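Colleague:
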Amino acid sequence: MTAFPRSASEGGEHAAAHSASVTVGLVQINNGFSGQNYLPYSVAMLEAYVRRKAANPDRFHFKLPIYKRISIGDAVARLLDCDIVGFSTYVWNGQISLEIARRLKSQRPNVLVVFGGPHVPDQPEEFLRTHSFIDIAVHNEGEATFLRLLETYPERSDWADIPSISFIADDGRYVRNANVKRIDDLDQLPSPFLDGIFDPLMRANPDEVWIGLWETNRGCPFKCTFCDWGSATAAKVTKFNLERLYREVDWFSRNKTEYIFCCDANFGIQKRDVEIAGYVARIKSETGYPHALSVQNTKNATERAYLTQKILSDADLNKGVALSMQSLDMTTLGAIKRDNISLETYMELQRRFTRDRVETYSDLILGLPGETYDSFVDGVRLLMENGQHNRIQFNNLSILPNAEMGDPAYQKKYGMVTVESKIVNIHGERVE
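Residue numbers for the sequence shown follow our numbering, so the first one is 1 and each next one is one higher.
1. Go to G116, then tell me how far its beta strand (DSSP E) extends in each direction, as first and last residue.
2. Out of H389, G379, I423, state which residue places its alpha-carbon closest to the alpha-carbon of L400.
3. Are the segment 76-83 and the segment 40-57 in contact at 8 Å, needing three or more beta carbon pairs?
4. Which one of N56, L186, L128 has the shortest CA to CA distance from H119?
5. Can you tell me whether R78 is buried or exposed, with buried defined as 16 or more other CB within 10 angstroms of its CB?
6. Quick one: which unbroken alpha helix (DSSP H) runs of 4-plus residues sit fully inside the segment 359-418? Chain order, please.
7. Name the residue from V280, E99, K271, G268 whose alpha carbon lies nearest to the alpha carbon of L245.
8. Looking at the strands, I want to know which residues DSSP matches up with A137.
9. Looking at the secondary structure, which residues open and close the alpha helix (DSSP H) in which I276 lies?
10. Is V180 helix, strand or coil when you go by DSSP?
11. Inspect the beta-carbon positions of L397 and F226 and report whether they are closer than 8 Å.
12. In chain order, what residues of the same chain have a beta carbon less than 6 Å from the beta carbon of K239, not counting five sequence neighbours either side?
13. Would you decide whether V436 is buried or exposed? Buried here means 16 or more other CB atoms lie within 10 Å of its CB.
14. If I follow the unbroken alpha helix (DSSP H) through W251, where does it start and stop?
15. Should A204 go down as buried or exposed, given a rule of 16 or more other Cβ atoms within 10 Å for buried?
16. Is there contact here, the segment 319-332 with the segment 360-372, by at least three beta-carbon pairs under 8 Å?
17. Are the Cβ atoms of C224 and K53 separated by less than 8 Å?
18. Ignoring anything shorter than 3 residues or poking outside the segment 27-77, list the beta strand (DSSP E) runs there in chain order.
19. When DSSP builds the beta bridges, which residues end up paired with Y174?
20. Taking S106 as part of the alpha helix (DSSP H), name the residues at either end of that continuous run.
21. Would you mind giving the Cβ-Cβ distance between Q296 and N266, rounded to the nearest angstrom? I have them listed as a contact below 8 Å.
22. When we look at the beta-carbon of N30 and count the other beta-carbons within 10 Å, is it buried (16 or more) or exposed?
23. Pick helix, strand or coil for G320, following the three-state DSSP scheme.
24. Across the segment 308-315 and the segment 350-358, are there enough close Cβ pairs to call them in contact, namely three or more that are closer than 8 Å?
25. How many Å lie between I211 and D264 at the Cα?
26. Drop a sphere of 10 angstroms on the beta-carbon of E141, count the other beta-carbons inside from all chains shown, and report buried for 16 or more, exposed for fewer.
27. Pick helix, strand or coil for S19, following the three-state DSSP scheme.
28. According to DSSP, which residues form a beta bridge with G212?
29. Within its chain, find whatever has a CB closer than 7 Å to the CB of E348; leave out the 5 residues flanking it on each side and keep chain order.
30. For the beta strand (DSSP E) that I84 lies in, which residues bound it at each end?
31. Take V76 and list the residues in its own chain whose beta-carbon comes closer than 7 Å to its own, dropping the five residues that flank it on each side.
32. Pick out whichever of Y67, F252, D407 has its Cα sitting closest to the Cα of G288.
33. Quick one: give me the first and last residue of the alpha helix (DSSP H) that A335 is part of.
34. Check whether the segment 159-179 touches the segment 142-151, taking contact to mean three or more Cβ pairs, one atom from each stretch, closer than 8 Å.
35. Report the rounded CA-to-CA distance for Q28 versus N93, giving the unit in angstroms.
36. What are the boundary residues of the alpha helix (DSSP H) that L307 is part of?
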């Protein structure tokens, strides 16, 4: 995209535009359950980054985020005075986010609609042309990219220089800018907890029972084909500073956060995870909060996985240890690229937890490529024979847009037939 020199008067107008106040709306609709709702962590990370890193942070006025399902009409009404609206999207909110954005754009055509999150296709030309009310798609980590978009607003000509975005240009061309390098030093990201980003939202909703979303690291070294995590993060695991994490645990405790959902792909993969589990257990013992910390075990590293979960169980911080095997059939494990994950690791963990009277549950996915009725039933038998007498959780296979399994060539190779269905979510309640 070519940049043309401006006249003196145009330059003045350009500078004025870049200093005008900008109203920003953020939407991260999460599923609530049992009368509780998640703090909108993803969009709070964006706001925290802008407030800390912007050249003129006072230029940007952030409205309280939309964090749960409300009527589409009410959501649109809350966003009508915004100049920019950012949507954080995944499978549980993709469709409602699209409808809110569509209606908003029809009522306020000049609003800049930005979509990010794992549900935005990595190659989104069809997505953008189908949903022409979306101005910009953001890929991968969005903190620095969103700041660039805000600071260049309202200049479309500057979009050509912003990494990790896609858009349809004024002349109808599809533009996909190269991805920005992943953030190696996570300490450059401010904490929305410690920077007070959630404080206005919590004051405005004093009766809400909040669930905390918490990252101790980012990235995943595994390449499971049904998952978009490892493919999106290029395998490397990066870490937040340990002192920061301890201060965030203190924040959860002070704010009487009962339930924390840890967003790490593999808790226990780092040696320090044993220390983190121990710190959370100590703070609960001293203050009574949090009541529970839910984590996803690392796929290997048997001893650390055992130690972290044993610490959490002894502190009554977990409600059962998840052993997410997905399948016990070696042909299937090869097809989904989990054959490098030791089944014996899971079996040994199962036996140790059973001996220690720690409840576990096992995850299996229905409909994986290569799986047959006989192999699936045999997997259930093996789990039961190995001591899984508490719970086996069966999950329908979901196709994620940026997972390898979402590639038509992969689906053709394994003869997969997909159907669109309503989401069956075990961690949510239905809201009409």
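Where is the CB? At the ideal position from N, CA and C, for every residue including glycine.
Because the structure is a prediction, the values reported are computed rather than measured.
Modeller: Looking at the coordinates:
1. G116 -> beta strand (DSSP E) spans 112-116.
2. Comparing alpha carbon positions, the residue from H389, G379, I423 closest to L400 is I423.
3. With the cut-off at 8 Å, the segment 76-83 and the segment 40-57 do not touch.
4. If we check each option's Cα against that of H119, L128 comes out closest.
5. So R78 ends up on the buried side.
6. The segment 359-418 contains these whole alpha helix (DSSP H) runs: 373-385, 408-413.
7. Per the C-alpha coordinates, the member of V280, E99, K271, G268 positioned closest to L245 is V280.
8. Under DSSP, A137 forms a beta bridge with F115, S166.
9. Residues 273-287.
10. Of the three classes helix, strand and coil, the one that applies to V180 here is coil, per DSSP.
11. Yes. Within cutoff.
12. If we look at K239 and ignore the five residues flanking it on each side, its Cβ neighbours are N217.
13. Absent from the model: residue 436. The displayed extent of the chain is 1 to 432, so no value can be given.
14. Note, W251: alpha helix (DSSP H), 242-254.
15. Result: exposed.
16. Three or more Cβ pairs closer than 8 Å define a contact, and the segment 319-332 meets that threshold against the segment 360-372.
17. By the CB criterion at 8 Å, C224 and K53 fall outside the cutoff.
18. Annotation note: the segment 27-77 contains the following uninterrupted beta strand (DSSP E) runs of length 3 or greater, listed N- to C-terminal: 36-38, 60-62, 66-68.
19. DSSP output for Y174 lists I168 as bridge partner(s).
20. Counted as a single uninterrupted DSSP element, the alpha helix (DSSP H) harbouring S106 occupies residues 94-107.
21. Taking the Cβ atoms as the reference, Q296 lies roughly 7 Å from N266, within the contact range of under 8 Å.
22. Of the residues assessed, N30 falls on the buried side of the cut-off, its CB having 16 or more other CB atoms within 10 angstroms.
23. In this structure, G320 counts as coil in the three-state DSSP scheme.
24. In short, these stretches touch, since the Cβ pair count reaches three.
25. Rounded to the nearest whole angstrom, the CA to CA distance from I211 to D264 is 16 Å.
26. With 16 or more Cβ atoms within 10 Å of its Cβ, E141 is classed as buried.
27. Three-state result, S19: coil.
28. BP columns for G212 point to I260.
29. Excluding sequence neighbours, E348 sits near T302.
30. Unbroken beta strand (DSSP E) run through I84: 84-88.
31. The answer, listed in chain order, is I100, R103, L104, Q107.
32. Among Y67, F252, D407, the Cα nearest to that of G288 belongs to F252.
33. Here the alpha helix (DSSP H) through A335 covers 330-335.
34. The answer is yes - the segment 142-151 touches the segment 159-179, with three or more Cβ pairs under 8 Å.
35. Rounded to the nearest angstrom, the two C-alpha atoms are 8 Å apart.
36. L307 -> alpha helix (DSSP H) spans 302-314.
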